[in-house]
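Student: Residue 37 is where the sequence shown starts when you use the working numbering, and the numbers rise one by one after that.
Idealized CB from N, CA, C, for every residue including glycine.
Got a structure for you, written out below as structure tokens; questions coming shortly.
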Amino acid sequence: AVLPHAEDVDVDLRDEDVRIDTMRASGAGGQHVNTTNSAVRLTHIPSGITVVIQDERSQHKNKAKAFSVLRARLYELEREKLAKERSELRSSLIGSADRSERI
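Shown next as structure tokens:
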């Protein structure tokens, strides 16, 4: 899925709303994978969205990438909520177009 790119100003992401877990990455990488905690899991507590990134060898790069993915997912969630509210409002304003409905 392609997520929209969310800038820092688009989503209000507070530090106390995000739980950061670090763990050892799985997969190929030899001894380096077994000795460093480079995989990062971010959990947004209010929405329950979880993002796990273990692409890079550096924990800092993985954390930055995970925050950008989390921002994009929160932005998309907010966008969908606004679109749903707009469509419900629009459908409530438009009648059923039955014969019984008079102008």
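Can you say whether N70 is buried or exposed, counting buried as having 16 or more other CB atoms within 10 angstroms of its CB?
Tutor: Taking the first residue of the sequence shown as 1, we reach residue 70 at position 34. With fewer than 16 Cβ atoms within 10 Å of its Cβ, N70 is classed as exposed.
Student: Within a Cβ cutoff of 6 Å, which residues of the same chain sit near T79, ignoring the five residues on either side of it in sequence?
Tutor: To locate residue 79, count along the sequence shown from 1; it is residue 43. Hits under 6 Å: R55 and T86.
Student: Starting from the C-beta of A61, find all residues in its chain whose C-beta is less than 7 Å away, skip the five residues before and the five after it, and write them out in chain order.
Tutor: Position 25 of the sequence shown, counted from the first residue, corresponds to residue 61. Taken in chain order, the residues that qualify are V69, S74, A75 and Q90.
Student: For a test of the three-state rule: what should DSSP assign to R50, helix, strand or coil?
Tutor: Mapped onto the sequence shown, residue 50 falls at position 14. The answer is coil: DSSP assigns R50 none of H, G, I, E or B.
Student: How would you call L129, buried or exposed, if buried means at least 16 neighbouring beta carbons within 10 angstroms?
Tutor: Counted from its first residue, the sequence shown places residue 129 at position 93. Exposed is the call here.
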